[in-house]
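S.K.: Would you mind keeping the following structure in view while I ask a few things?
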Amino acid sequence: MKHRLLKFAACTGFAIAMLPGAHAADMACKGIAKHVIDTDLQFSLTHSQIPGELAVSKHTLRVAGTQYKLESVSQAKGFVAMLYSGQLTQKSEGLVDAQTGLAPLYYAEQRGKKPVAETMLNADTQQVLFKRNGNSAPFEKGLQDRISMIYQISARLRCNSDLKAGDTLAMRVMSTGRVGNEVFTVLKAEDVTLNLGKGDRRVDTLLLETKPEEQGDEIVRIWYSKDLAWQPVKIEIKDNEGKSLTQTLIGLGKPQP
């Protein structure tokens, strides 16, 4: 599935094939629920061929008992704000399962002034309903959505950071129109330099990457920081021409008014 890079998405879904010879690590981890934690992160969005900052994204995760709410709000700046009416919002709500972690029951996206595109679980029929196109798909245990998958990996790493280069984490992920496959491969440990408002800081990270299933598909890379409780500190989407859209962490905790 192809996506336009200038849609300043917090993350996107792709259909990915398992790499030959890769070791599939278990996404579940005993007691993973306690590793899903309240989170406030701010990211700066940049494009490899456009100077300056395009947008700022705020990710907020709240856990209350066995329930969670996760939201990503990206506010565009400059000419991008004019092109895309300024804002992209993603919402994920559901349960925190003791064994599987995040269990989304509702996912929604809204771009600017366009109608909200919603996906939700019908508990009676055990079907995932896509309101945008009227389609449905069987509900699957462990199912994630485009934003929850980022923080599901964070929880998995907090629970057990035993992943090594070559290991894979496979998920089924729902968007606003379908359910697809996501397979992240661990590439390597890497130092990343961040500026969180108090000067440059180097942090240890683990880099995970998806692989395109078909020619022309995009690649997603996510850097998770061991030094920052395995939070995502960098998210990159690269197209088949080498152009990339990157989110880089610029703030931890609630932003100051």
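Everything in the sequence shown is counted per my numbering, starting at 637 for the first residue and increasing by one.
From the three backbone atoms N, C-alpha and C, an ideal C-beta is built for every residue, glycine too.
Bear in mind the structure is a predicted one, so any value in this text is a computation, not a measurement.
#1: Confirm, please, whether the CB-CB distance from Arg792 to Met663 is below 7 Å.
#2: Quick check: the Cα distance between Lys879 and Ile858, rounded to an integer number of angstroms?
#3: Quick one: using the 10 Å Cβ neighbour count with 16 as the cut-off for buried, is Gln851 buried or exposed?
#4: Can you give me the C-alpha to C-alpha distance between Phe650 and Ala700, rounded to a whole angstrom?
#5: Reducing DSSP to helix, strand and coil, say where Gln617 ends up.
#6: Is it buried or exposed for Ala739, if we count other Cβ within 10 angstroms and need 16 for buried?
#7: From Gly813, Val828, Gln762 and Gln780, pick the residue whose C-alpha is nearest to that of Ala806; which is it?
#8: Is the Cβ-Cβ distance between Ile783 and Gln726 less than 7 Å?
#9: Tell me, which residues are paired with Gly887 by DSSP?
#10: Going by CA-CA distance only, name the one from Arg837, Val839, Gln711 and Lys847 that's closest to Cys873.
#11: I'd like to know if the region 790 to 804 and the region 744 to 760 are in contact, where contact means that at least 3 CB-CB pairs between them fall below 8 Å.
#12: Considering only the beta carbon of each residue, do Asp840 and Ala661 sit closer than 7 Å?
#13: Spell out the partners DSSP gives Ser710 in its beta bridges.
#14: Using only the alpha-carbon positions, how far apart do Asn831 and Arg747 sit?
M.R.: Reading off the structure:
#1: Counting from one through the sequence shown, the residue named residue 663 turns up at place 27. Counting from one through the sequence shown, the residue named residue 792 turns up at place 156. Contact flag set, yes.
#2: By one-based count along the sequence shown, residue 879 stands at place 243. By one-based count along the sequence shown, residue 858 stands at place 222. So the alpha carbons of these two residues sit roughly 16 Å apart.
#3: Along the sequence shown, one-based indexing puts residue 851 at 215. Burial call: exposed.
#4: Stepping through the sequence shown from its first residue, residue 650 is reached at position 14. Stepping through the sequence shown from its first residue, residue 700 is reached at position 64. Only weak support is given to the placement of Phe650: the predicted model assigns it a pLDDT of 26, under 50, and the question is left unresolved by the model.
#5: It is not possible to answer for residue 617, since the shown part of the chain is limited to 637 through 893.
#6: By 1-based counting over the sequence shown, the position of residue 739 is 103. The residue is buried, with at least 16 neighbouring Cβ atoms inside 10 Å.
#7: By 1-based counting over the sequence shown, the position of residue 806 is 170. The residue with the shortest Cα to Cα distance from Ala806 is Gln780.
#8: Along the sequence shown, one-based indexing puts residue 783 at 147. Along the sequence shown, one-based indexing puts residue 726 at 90. Result yes, Cβ atoms of Ile783 and Gln726 sit closer than 7 Å.
#9: In the sequence shown, the residue the question calls residue 887 occupies position 251. Paired residue(s): Gln678.
#10: Sequence index remark: in the sequence shown, residue 873 carries index 237 (1-based). What sits at residue 873 in the sequence shown is Ile, not Cys. Answer by Cα proximity: Lys847.
#11: no
#12: The count along the sequence shown starts at 1 and reaches residue 840 at position 204. The count along the sequence shown starts at 1 and reaches residue 661 at position 25. No; because the gap between Cβ atoms is not below 7 Å, this pair is not in contact.
#13: Stepping through the sequence shown from its first residue, residue 710 is reached at position 74. According to DSSP, Ser710 bridges with Ser693 and Leu724.
#14: Numbered from its first residue, the sequence shown carries residue 831 at position 195. Numbered from its first residue, the sequence shown carries residue 747 at position 111. Distance between the alpha carbons of Asn831 and Arg747 is about 28 Å.
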